[in-house]
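Residue numbers (this note's numbering): 328 to 883.
Where is the CB? At the ideal position from N, CA and C, for every residue including glycine.
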RNA sequence: UGCCCGGUGGUGUAAUGGUAACACACCGGCCUUUGGAGCCGAGGUUCGAGGUUCAAAUCCUCGCCGGGCAGCCA
């Protein structure tokens, strides 16, 4: 995949030139406490693509140091999503929990060096002793315990002799450091909670800060790429590595992805799931990879998006349309075209013999000749889209109207000669005449029409359900709320509209779930996984760009 | 009044002291059997002020603005 060189690759190039590392080895380190979202995709692509470019490797490592939040369900989902994105960690599926024993030994080593101590201050006291952003902290009264005492206490912590929260192991660094992370950070806490991998083997767990850098080191990671908020932790990780005298990875921080009309925090996504604002983590409206997969987004589009947004340290918000652009670009190339009418309006062609029918040839994908053609049945009663007719056409509307001629795609020119209404004045049917000479859609006399409509033959069509998904939030920044409000007040209450009786061309009677089609002039639609035989269900993946909609919007 | 990071069109990313580039969006036009796709064109002097230099988005100084950090979360 072609990409411009970014600051991360620049650093790596320099490291390689200077011989700092013999090869490049990266890793993607998710915490299994939620599903992966598009922001994670950025990190996944970065790490795996860099490994590929430098003929190195990229590990998958679960950062599972907090058993109170992590679950097996999430590790399964995460692996599935990374695989779907197209990346392979081969046999390098690691877990921070694999290193618990090693990490424990490292802690002992620190204690032996007089660089760690068991502290019995409560959580609240630790906070008070830490000082503030502008004032230095105070040293814990337990800071100067003997090595032996620390060793004994730490062993007893491990043996389960103390309840949760009674003591912790802390690194002994500098309570006056301007970097709060260096003010004797906690590296082990007591948690009598069973872990999804280690079960009840442990009742003390390393903190992320203690586990992360050393896990990278153990795996021989050369370039540890993470998000901006860990910049302030880097000195701490370096301190650990140096005290322990182990392999030193270079940490490089980049800005996480933000998208308009989207929330990206796992906490908020969990809120949406738990309060049933959406139908699970994989709801097609979610920014999760599983949601996007269900929505019909091709993984290639997501990859391309991730490459094209670039990487930098500037915090930014990418327009969701940029993602949609790559989805459309990919689908335009790959999706076969079909015809479906969402809001059917009956059209009777009065000069086409009743009972007669014929098959017309249609191109499956104008962008890909190898996709071939298919036959579409035609008869005297068809359906067109309600929106494609206007009794009193406004300027620039050049679809069907009384006495106006348009083309039915791949079929004939038709001209509307009569409008039938019900007692409420609603249009229920159109009467048209067709020109037999225009079969296929071209007029031998060279006359032109301004519009081409999609259509479906009444007696041949099948009915189906179509789910129209829209963005989940009404505000570009869902987090912008008045005092006391929260992001859920910016939820789009109309983000899902279900249309039951759509008319769909017969070739779509038994489509394969997951496949995406373009319904001509409407958009891309993905076959839903709960679709049933002869009653297909489609999910709208994305609309087509709509010039007519833009014209109307502009007038407002 | 602490420490760390950042500031280039509407958005995102380039330009690594030498004519501010690319993509998306937007606007205008062409083309079109999808008002799709495609094609062509318009729009910025780089947060501000000084300084260094023949030459500054880039280097220096001082401001301004934005973000992160006071979990036994990651």
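Contacting residues, own chain, Cβ-Cβ under 6 Å from residue i (five flanking each side not counted)
i, result
"residue 537", "514"
"residue 690", "700"
"residue 567", "540"
"residue 778", "725, 726 and 733"
"residue 593", "361"
"residue 577", "550"
Backbone CA spacing between residue i and residue j [nearest angstrom]
i, j, result
"residue 445", "residue 467", "10 Å"
"residue 415", "residue 431", "30 Å"
"residue 629", "residue 656", "11 Å"
"residue 747", "residue 882", "30 Å"
"residue 810", "residue 816", "12 Å"
"residue 715", "residue 339", "56 Å"
"residue 768", "residue 731", "16 Å"
"residue 497", "residue 611", "44 Å"
"residue 525", "residue 591", "30 Å"
"residue 792", "residue 357", "37 Å"
"residue 741", "residue 764", "11 Å"
"residue 790", "residue 694", "28 Å"
"residue 478", "residue 440", "11 Å"
"residue 596", "residue 589", "10 Å"
"residue 636", "residue 623", "21 Å"
"residue 749", "residue 708", "18 Å"
"residue 670", "residue 389", "48 Å"
Residue i burial status per 10 Å Cβ neighbour count (16 or more: buried)
i, result
"residue 660", "exposed"
"residue 697", "exposed"
"residue 805", "buried"
"residue 475", "exposed"
"residue 878", "exposed"
"residue 395", "exposed"
"residue 653", "buried"
"residue 460", "exposed"
"residue 368", "buried"
"residue 328", "Residue placement at residue 328 cannot be trusted, given a pLDDT of 38 that sits under 50; the coordinates are not used to answer."
"residue 733", "buried"
"residue 393", "buried"
"residue 409", "buried"
"residue 370", "buried"
"residue 614", "buried"
"residue 384", "buried"
"residue 503", "exposed"
"residue 391", "buried"
"residue 397", "buried"
"residue 824", "exposed"
"residue 364", "buried"
"residue 712", "buried"
"residue 721", "exposed"
"residue 366", "buried"
Neighbourhood of residue i by C-beta distance below 8 Å, restricted to the same chain and skipping five residues each side
i, result
"residue 407", "617"
"residue 494", "445, 446, 447, 480, 484 and 517"
"residue 335", "373, 377, 550, 552, 579, 581 and 638"
"residue 871", "655, 845, 848, 849, 850 and 851"
"residue 456", "448, 464, 465, 466, 467 and 502"
"residue 819", "797, 798, 799, 800 and 801"
"residue 426", "538, 541, 542 and 545"
"residue 640", "334, 555, 580, 581 and 582"
CB of residue i within 9 Å of CB of residue j, strictly
i, j, result
"residue 403", "residue 355", "no"
"residue 852", "residue 867", "yes"
"residue 540", "residue 564", "yes"
"residue 667", "residue 781", "yes"
"residue 759", "residue 826", "no"
"residue 803", "residue 675", "no"
"residue 575", "residue 352", "no"
"residue 686", "residue 702", "yes"
"residue 559", "residue 508", "yes"
"residue 864", "residue 873", "no"
"residue 688", "residue 737", "yes"
Span of the beta strand (DSSP E) around residue i
i, result
"residue 907", "Since the first residue shown for the chain is 328 and the last is 883, residue 907 is missing from the structure and cannot be characterised."
"residue 712", "708-712"
"residue 413", "Here residue 413 belongs to no beta strand (DSSP E), and DSSP marks it neither H nor E."
"residue 420", "420-422"
Sequence-distant residues of its chain with Cβ nearer than 7 Å to residue i (five each side left out)
i, result
"residue 957", "Past the boundaries of the shown model lies residue 957; the chain is included only from 328 to 883, so the question cannot be answered."
"residue 839", "854"
Continuous alpha helix (DSSP H) stretch holding residue i: start and end
i, result
"residue 530", "Counting along the chain, residue 530 falls outside any alpha helix (DSSP H), and DSSP gives it neither H nor E."
"residue 627", "626-635"
"residue 562", "561-571"
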